[in-house]
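The block underneath contains the structure these notes are about, expressed in C-alpha cells.
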Amino acid sequence: MTTKPKASIYNWRRKRRSAGTEEARADAISRIRKATQPTEAANDPQPGTEIDAIKREGLTGRQLRIARRLAEKNGLAATSDYDAVRRLRQKGIDPFHRANLLNLAVDKPDSDDQSKGKIRIHLPQTVTEGRESLPGPEMSPAQRREREIDEIRKDIARRRRRKLLALFARLAVFVFLPTFIVGLYFYRYATPMYASDSAFSILQADGGGASFGGFLAGTQYATAQDSVATQEFLESKDALLRLERDMGFAEIFKQEWIDPVQRLAPDATLEETYKLYKRMIVIGYDPSDGIIRMEVAAPNPDIAVAISNRLLSYAEDRINGLSELKREDQMRDALSGFEMAQKERQKAQEDLIELQLQGALLDPENVIIGLRSRINGIETQLQEKELQLAAQLDNLRPNQAKVDGARADISRLEDVLAELNAEMLDVSAGENSLARLSVRIQMAQADLAARDMLLQTAMQQMETTRTEANRKVRYLTVSVNPVPSQDPTYPRKFENTILAFLLFAGIYLMISLTASVLREQVSS
4 MTTKPKASIY NWRRKRRSAG TEEARADAIS RIRKATQPTE AANDPQPGTE
54 IDAIKREGLT GRQLRIARRL AEKNGLAATS DYDAVRRLRQ KGIDPFHRAN
104 LLNLAVDKPD SDDQSKGKIR IHLPQTVTEG RESLPGPEMS PAQRREREID
154 EIRKDIARRR RRKLLALFAR LAVFVFLPTF IVGLYFYRYA TPMYASDSAF
204 SILQADGGGA SFGGFLAGTQ YATAQDSVAT QEFLESKDAL LRLERDMGFA
254 EIFKQEWIDP VQRLAPDATL EETYKLYKRM IVIGYDPSDG IIRMEVAAPN
304 PDIAVAISNR LLSYAEDRIN GLSELKREDQ MRDALSGFEM AQKERQKAQE
354 DLIELQLQGA LLDPENVIIG LRSRINGIET QLQEKELQLA AQLDNLRPNQ
404 AKVDGARADI SRLEDVLAEL NAEMLDVSAG ENSLARLSVR IQMAQADLAA
454 RDMLLQTAMQ QMETTRTEAN RKVRYLTVSV NPVPSQDPTY PRKFENTILA
504 FLLFAGIYLM ISLTASVLRE QVSS
C-alpha cells in the first residue's frame, strides 16, 4: 500500500486551515467590515460579550435562521447567526416578533407591481427540504487539529484501498491470468513426452608414452577433445540429416494428435526441424568425470529408445573415424620413410652386384693383394740368390757350377718378377683397372652398409609410431543403456507453471519500476 507523500499532506492541511470553519470565516469578514466601517464599530463597544450573552439564551436553530433572514432583508451584514440577532436588536428589531415573522412570508414586490401599486401574494409552494447546516459548538484548536488529522487518515486509508484494488486488478490481468492460461495448457492440452536417458564415455587404449602426454593417459583429460567433438557432432545438423534419412525424425513430430505447440508443420523447413531437434535431444558433457549424458524425448517411449540407439551408433562411427584418421596421419610419414629406405638399400645392393659382375671378379681387392704378396715373395727369393752368388764369388776358387746355377736362378726370378710387375701395372692402370674397380666396390659396399642402417632406423621408427598410434585409439563405451519410460517425463506441469508465474511477475515488476522511475523523473 502506498501512503500520501509528506509534501502533499502538508499542502492539504494548509488548504484546510486556510479555509477554516464557517465561524472563522465569519469572524474574518466581520473584522474586515469593522475596519471598513469605523462608525459602526464605534457603536459596538463589546460585540464579543453581547454574542456570548445571546448564545446563553438557548436559541434554537430555527430562530437563528429566522434572525439571519431578517438581517439579510434589512441589509445588515451579519457574520453569523448570533451576530444577526445582535445587529437586529441594536437596530430595534425583534427578530422573533410575530409581525416580523409575517413580513418574511411576503417577498418584495416586482418593479411592475410597484409601479401599478399592487402587492403580489405568493401562495404556499412545495419546498424541497435540503440539508440543514445547523451551527455547531465551538471547537478548540486541539479538537480542530484532531478532526483534520482524522480526516487525513480516512483519506489516506481510502486512497490505499483504491490503490490496492487497482494493484490487484493489474496483477490479475498481467500475472494471474497469463499464468492460469499457461497452467491450463500444461495440465490439459500439452502432449506428454517420454524421455530416454543414456550415458557413454570415450576411453583411450591402455599404455602411455614417455612424453608429457603420458601423464594424462588414462584420465578424462586425455579424451576431452574427442568428447567435445562427439557432443558437437550429435548436436549438429549432420546428425539430424542422418537421423532423418534413417528414421524420418520430422515425420514423428508431424502427427495430428500432437499439440500445436510441439507439432511440426507439414511444410516445416530444416531450420524449424533443427530447433525441435535441439529441444527434444539434450546432450551434456561433464569434464570432471568425462561422461557424456544424453536425453531424448519423443511422444512414444519406444521411439525415444530407438532414436537414442541410433545416435549412439552415430557417435561410435564418428569415434572410430577420428581414431582411424589419427592413426593414418601418424603412420603415413613413417611408412613413406621406411619404403624410401628400402628402395635406396635395394639400389645400393644392385650397384654393388653390377660392379662385381663388371670385373668378372667377386673380389678384385683380394686379387691385387695376392699379386702383391707374390711380388714380395719373388723379390725375397731374388735377394737370397743374389746373396748366395756374392758369397760364392768371394771365394778364391769358386765352384763354377754353383755360380752358374745361382746366376740362372737369379735370371729366372727376375723374369718372373718382371711379369708380375707387368701384371700389376695392367691391373692398376686404365679406367677398368682392378684398383679403380676395387675402390668403386668399396664405396658401393659402404653405401650399402649406410642404407642398411637407414632401413633399420626406419623400421624401428615405424614400429614405434605404430605402437604410439595404437595407444591413441579411442573406444566408445556405453555406461547407461536407454530404457523405455513408463510415465511421461514432460511437460513438468507444476514446475513449468511456477516458472511461468515467476516470469510474468518479473516482467510486471520491471515494467512497474520503470514506469515509477519515469513518472518520478517527469514530476521532479
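In this note's numbering, the protein residues as written are 4 to 527.
Even for Gly, the Cβ is constructed at its ideal location relative to N, Cα and C.
In the structure shown, ASP200 adopts extended strand secondary structure according to DSSP, grouped into three states. Under DSSP, the beta-bridge partners assigned to VAL481 are PHE203. Within the same chain, LEU392 come within 7 Å of ARG410 by CB-CB distance, once the 5 residues on both sides are set aside. In this structure the segment 192 to 200 touches the segment 292 to 307; the number of beta carbon pairs closer than 8 Å is three or more. Three or more pairs of CB atoms, one per stretch, sit closer than 8 Å, so the segment 454 to 464 contacts the segment 345 to 358.
For SER311, the CB contacts under 7 Å within the same chain, skipping 5 residues up- and downstream, are SER199, SER201, MET297, VAL299, PRO485 in chain order.
In the DSSP assignment, GLU498 falls within the unbroken alpha helix (DSSP H) covering 496 to 526.
Short of 6 Å from the beta carbon of VAL308, and not among the five residues preceding or following it, lie these beta carbons of its own chain, in chain order: SER199, PRO485, PRO487. In the three-state DSSP reduction, GLU298 falls in the strand class (E or B). Excluding residues up to 5 positions away in sequence, nothing lies with its Cβ nearer than 6 Å to the Cβ of ARG156 in the same chain. The C-beta of THR468 has 16 or more other C-beta atoms within 10 Å across all chains shown, which makes the residue buried. Between GLN234 and ILE294, the gap from beta carbon to beta carbon reaches 8 Å or more. Within the model, the alpha-carbon separation for GLU275 versus THR182 is close to 27 Å.
No Cβ-Cβ contact shorter than 8 Å links ALA232 with GLY340. A Cβ-Cβ distance of about 7 Å is found for the pair ILE322 and ASP229, placing them in contact under the 8 Å criterion.
Excluding sequence positions up to five before and after VAL481, its CB lies within less than 8 Å of the CB of SER201, ALA202, PHE203, LEU315, all in the same chain and listed in chain order. Uninterrupted alpha helix (DSSP H) stretches at least 4 residues long and entirely within the segment 240 to 326 occur at 240 to 250, 252 to 255, 273 to 283, given in chain order. Beta-bridge annotation (DSSP): TYR493 is paired with MET196. Following the DSSP letters along the chain, one finds GLU149 inside the alpha helix (DSSP H) bounded by residues 144 to 174. GLN448 is the residue among ALA271, GLN448, LEU273 whose C-alpha sits nearest the C-alpha of LEU355.
For THR182, the enclosing alpha helix (DSSP H) has its first and last residue at 180 to 187. In this structure, the CA atom of PRO269 is about 47 Å from the CA atom of LEU521.
Taking 8 Å as the cut-off, the Cβ atoms of ARG89 and GLU53 count as close. Around the Cβ of LYS388, a 10 Å sphere holds 16 or more other Cβ atoms; the residue is buried.
Judged by DSSP in its simplified three-state form, THR226 adopts helix. Proximity of the segment 499 to 517 to the segment 160 to 179 meets the contact definition, three or more beta-carbon pairs being nearer than 8 Å. With a cutoff of 8 Å on beta-carbon distance, LEU423 and GLN384 are scored as not near each other. Counting C-beta atoms within 10 angstroms of its own C-beta, SER376 has fewer than 16 neighbours from the protein chains shown and is therefore classed as exposed. For ILE69, the enclosing alpha helix (DSSP H) begins and ends at 64 to 76. One alpha carbon belongs to GLU154, the other to ALA160, and they sit about 10 Å apart. With respect to the 8 Å criterion, VAL406 and LEU396 are classified as neighbours on the basis of their beta carbons. Counting along the chain, ALA87 sits inside the alpha helix (DSSP H) bounded by residues 84 to 93. The beta carbons of ASP84 and ARG65 sit no closer together than 8 Å. Secondary structure of ASP412 (DSSP, three-state): helix.
In the three-state reduction of the DSSP assignment, ALA80 falls in the coil class.
Measuring C-alpha to C-alpha distances from MET283 to each of ILE184, SER291, GLY95, LEU267 identifies LEU267 as the nearest.
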